[in-house]
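Below is one structure; the comments refer to it alone.
Number of protein chains: 2
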Amino acid sequence: MAVKRTRRPRGSLTPDVILEAAEAVAEQGFEALSMRAVAARLEAVPMALYNHFATKEQLVAALLDRVLFRFEPPPATDDWIEDLRAFANAHRRLLAAHAWAVAPIFTNPSPGLASVRIGELALAILVRGGLSNADAVAAFSGMLALNYGWASFTAARDLDPGGPSHDVAAMLRALPAEAFPLTVATADAWGTYGSDRDYAFALGRFLDGLRAAASDATI
Amino acid sequence: MAVKRTRRPRGSLTPDVILEAAEAVAEQGFEALSMRAVAARLEAVPMALYNHFATKEQLVAALLDRVLFRFEPPPATDDWIEDLRAFANAHRRLLAAHAWAVAPIFTNPSPGLASVRIGELALAILVRGGLSNADAVAAFSGMLALNYGWASFTAARDLDPGGPSHDVAAMLRALPAEAFPLTVATADAWGTYGSDRDYAFALGRFLDGLRAAASDATI
DNA sequence: GGCGGCTAATGTACGCTGTACATCAATGGC
DNA sequence: GCCATTGATGTACAGCGTACATTAGCCGCC
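Read top to bottom, the protein sequences are chains D and G.
Just so we're aligned, residue 1 is where the first sequence starts under full-length UniProt numbering, counting upward by one.
Just so we're aligned, residue 1 is where the second sequence starts under full-length UniProt numbering, counting upward by one.
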């Protein structure tokens, strides 16, 4: 006997191992991320987590910062617009790789250190392109907004394949053509809604405009 | 006596009055929107709502559609780019006017009828500008993503004035300048993060690029 | 006018959530 | 070897969405 349930060794619960477990839980859907679920995965009791994070909110903030720190900027070239394109693509890929994180990041754009680092890296490119401080901030905000918004489109689909939006094209085609002629006519294009090609187009137009504005300013 | 608590008259609970109450509740924060809170505001019992909406999720979807139906497109002119600018601004104003709705719309880009209507109206402008169906869908997606992303920035601030991001500029200025030189240097510009001016800049660059692409295509 | 039947409003209950608060036990300093 | 510190635990509570059973108001029918 004496198989008495042994309690967790005293130093074995650290913020890092908690966040590791939390991410594993979150990967099967952010709404599945509960203090109890994280604790269970660590074979600990829910309240044990509160010795390392004051609230769930703080745990989530730390988790999101951890994810955003994985951003790695592409190497710089001599064309700042191409650097910005690569930067935006890398950023969007990061969001797509952690689809579960998109919604909470979105609703809580915490100014964590990881976000600041991303901003710093983006500003370096924009300032190199000749933009003023104010314009660089505005341009970076625009790129960020585009990426977050776009990520929400794709995340909704990635997280719920076969969900209500699993066949947008068919749904749109079924609409009354008198009321929504263009929607019905573009139903096929909507089927690939949020595609890489569409993103490249949208980002491309933004960068075109940015390059024109920068070269105007430097003339 | 016979002051027995009278129950609600039989026909008095309709989807409309429920949504009306739900919106009033949601306006003090989306997380405050619970079935129980909506029922309480109607002096009804929580389960009464389930005679009209199968789940909370469906109630929320109907509520969001109701809000998005308030979008009114600006009148058309003979300059499609200017029409698109006005359209984007009107759309963003709608989101800003219902900041609580931004997060749920974002996480659940439901293809409700109101969204379809907005898409139809946007496509009309883009097709008039000479874009192909595929490009029109991509351009609209980009505008939508920009607006949703941007709205999330401002909504976070509007919903929580005095919150952790109440003085971004001061926070950024306090960062180590060696690690984040550009962030510190642009701290002032970050203070107006998400401003109308910044949005106008970002949208403007996108529209510039779009106009150039369209005129290229028609030559 | 009385009377069923349909259905909307109600009541009760369950499992889940975050977390306040009290308790207990392992560990580092003396 | 003892004690204070502190991290792991246990219990408990309010609030959530909602399944399921019950009640009561209204309708058409005789």
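Even glycine gets a Cβ: it sits at the ideal position worked out from N, Cα and C.
Under the 8 Å Cβ criterion, the stretch 147–162 of chain D does not count as touching the stretch 192–202 of chain G, having fewer than three qualifying pairs.
With fewer than 16 other Cβ atoms inside 10 Å of its own Cβ, Tyr50/G counts as exposed. The C-beta of Arg117/D comes closer than 9 Å to at least one C-beta of chain G. When C-alpha distances from Pro73/G are compared across Ala40/G, Ala88/G and Arg66/G, the shortest belongs to Ala88/G. Classified as buried, Arg92/D has 16 or more neighbouring CB atoms from the shown chains inside 10 Å of its CB. The criterion of a C-beta distance shorter than 9 Å is not satisfied by Tyr193/G and Ser132/D. Boundaries of the alpha helix (DSSP H) harbouring Pro15/D: Pro15 to Ala26, taken from the DSSP string. Between Arg197/G and chain D, the shortest Cβ-Cβ separation is below 9 Å.
Close CB contacts of Lys56/D within its chain, under the 6 Å cut and outside five residues either way in sequence, are with Met35 (chain order). For Arg41/G, none of the residues of chain D pass the 8 Å Cβ criterion, the least Cβ distance being about 24 Å. Within the stretch 198–216 of chain D, the residues whose Cβ lies closer than 9 Å to some Cβ of chain G are Asp198, Tyr199, Ala200, Phe201, Ala202, Leu203, Gly204, Arg205, Phe206, Leu207, Asp208, Gly209, Leu210, Arg211, Ala212 and Ala213, listed in chain order.
Taking Ser195/D as reference, the option from His98/G, Asp135/G and Ala101/G with the minimal CA-CA separation is Asp135/G. At the C-beta level, Leu210/G and Leu64/G stay beyond 9 Å of one another. CA-to-CA, the gap between Ile81/D and Leu172/G works out to about 26 Å. When C-alpha distances from Phe71/D are compared across His52/D, Ala122/D, Leu33/D and Leu19/D, the shortest belongs to Ala122/D. Secondary structure note for Leu131/G: it is in no alpha helix (DSSP H), with a DSSP letter that is neither H nor E.
Your pair Ala21/D and Arg41/D checks out as a contact, with CB atoms roughly 5 Å apart and the cut at 8 Å. Ranking Ala54/D, Val127/D, Phe69/D and Arg157/D by CA distance to the CA of Ile105/D puts Phe69/D first. In the DSSP annotation of this structure, the continuous segment of the alpha helix (DSSP H) that includes Asn89/G starts and ends at Trp80 to Ala97.
Residue-level contact by beta carbon fails for Ser34/D and chain G, as no gap is shorter than 9 Å. Glu43/G counts as exposed, since fewer than 16 other C-beta atoms from the protein chains shown sit within 10 angstroms of its C-beta.
Chain G has a Cβ within less than 9 Å of the Cβ of Trp190/D. Val45/G carries a coil assignment under DSSP once its states are collapsed to helix, strand and coil. By the Cβ neighbour-count rule, Ala214/D is buried, with 16 or more other Cβ atoms within 10 Å of its own. Taking the C-beta atoms as reference points, Ala96/D is found nearer than 9 Å to Asp158/D.
A distance below 6 Å between beta-carbons, with the five flanking residues on each side excluded, links His98/G to the following residues of its chain, in chain order: Val67.
Cβ-Cβ distances below 7 Å link Ala39/D to Val45, Pro46, Ala48 and Leu49 in the same chain, with the five nearest sequence neighbours on each side left out; the list follows chain order. Here Glu72/D carries a coil assignment [DSSP, helix/strand/coil].
Comparing alpha-carbon positions, the option among Val127/D, Val17/D, Gln28/D and Asp198/D lying closest to Ala138/G turns out to be Asp198/D.
At a cut-off of 9 Å, the C-beta of Trp150/D has a neighbouring C-beta in chain G. By the rule that beta-carbons nearer than 9 Å mark a contact, Ser141/G touches chain D.
Relative to Pro15/D, the option among Ala26/D, Gln58/D, Val25/D and Asn147/D whose CA is nearest is Gln58/D. Against chain G, the beta carbon of Met47/D has no neighbour under 9 Å; the closest one sits roughly 23 Å away. Residue Arg117/D holds the alpha-carbon nearest to the alpha-carbon of Pro176/G among Thr107/D, Glu31/D, Arg117/D and Arg8/D.
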